[in-house]
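Visitor:
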Amino acid sequence: MCVFVVIGSVCCWSYGIINGFAWYFMFLDFKNLIVSFLLILILDICCILGLWKINHQYKKIRNDSNLMLSQRYQINENIRLIQYIAPFIFTATFSICASGLILFFLIPFIPDFSQFPASSILFSLLYKCGILLIYIHETWLVLRMTKKLKILFKKPKIHKIKPINSKQERILLRFRHHNITVKNAEHEAHIHFEQLKKAWN
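Numbering of the sequence shown is given in this note's numbering, commencing with residue 32 and proceeding in unit increments.
#1: Between Tyr89 and Ile110, how many whole angstroms is the CB-CB distance? I'm expecting something under 8 Å.
#2: How would you label Ile73, buried or exposed, when you count the other beta carbons within 10 angstroms and need 16 or more for buried?
#3: Quick one: what's got a C-beta closer than 8 Å to Ile106's C-beta in the same chain, skipping five residues either side?
#4: Find the nearest neighbour of Leu112 within the set Ile85, His221, Leu100, judged by alpha-carbon distance.
#5: Residues in the same chain with beta-carbon distance under 7 Å from His209, minus the five sequence neighbours each way, listed in chain order, please.
#6: Can you give the Cα-Cα distance for Arg205 and His87, rounded to whole angstroms?
#7: Rank Ile76, Gln114, Gln102, Lys228 by C-alpha distance to the C-alpha of Phe125 and give the top, closest one.
#8: Look up Asn86 in the DSSP assignment and say whether it is helix, strand or coil.
#9: Helix, strand or coil for Asn97, going by three-state DSSP, please let me know.
#10: Can you find the residues in the same chain that come closer than 7 Å, C-beta to C-beta, to Gln226, ignoring five residues on each side of it along the sequence?
Dropping the structure here:
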């Protein structure tokens with residue numbers, strides 16, 4: 032889905048550039064292609080919603096005890112990546128949608144449109160406003176960016192397990208919500224193995 036989002040964004044961004052070059056060199060304006068790019072924007076939005084749904088499902092299944100360690104690690108990495116690139120995807124897609132819609136509704140009000148490449152100019156200006164929003168969100172707010180990166184890529188804490196002193200009789204072992212002392216556990220194990228010996232004999 033990320034691939035579709037990137038392809039759709041690149042197509043819409045390249046529309047303004049191609050339109051500008053076509054007007055400059057061949058005096059052509061591809062205003063009729065705007066509807067096609069609006070359809071691509073709708074596909075982009077659907078992909079983003081699907082990406083959000085997948086991320087939501089990942090958060091539900093990542094604590095499943097049946098998952099292998101490698102699968103759980105991959106799911107956590109996918110969640111971190113999606114959380115990091117989400118602001119870029121949402122901001123860029125919103126700016127592209129706004130550019131296409133404003134351009135689509137402004138075309139009928141522009142006089143002598145056949146002699147004025149308004150589509151490429153408006154699209155480029157509006158899209159650069161979206162890039163400016165990304166810059167403000169992710170670069171100007173440096174402290175927030177640094178804090179977010181530290182949260183996303185923080186190192187897992189390693190908890191050292193202290194060795195159990197076999198001489199301490201008051202150490203409690205939790206097994207199926209029952210508290211068992213070390214002496215009782217040894218006694219239960221002895222009875223269990225004695226019963227196994229009798230069963231084999």
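Note that CB positions come from ideal geometry on N, CA and C, so glycine has one too. Please read all numbers here as calculations on a predicted model, not as lab measurements.
Guide: A quick look at the data gives this:
#1: Confirmed, about 5 Å.
#2: exposed
#3: Tyr89, Ile92, Arg93, Leu98
#4: That would be Ile85, whose Cα lies nearest to the Cα of Leu112.
#5: For His209, the predicted structure reports a pLDDT of 47, less than 50, and the residue's modelled location is therefore unreliable. The matter cannot be settled from this model.
#6: No answer about Arg205 holds up, because its pLDDT of 46 lies below 50 and its placement is not dependable.
#7: Ile76
#8: helix
#9: coil
#10: So the list is empty, once near-sequence residues are dropped.
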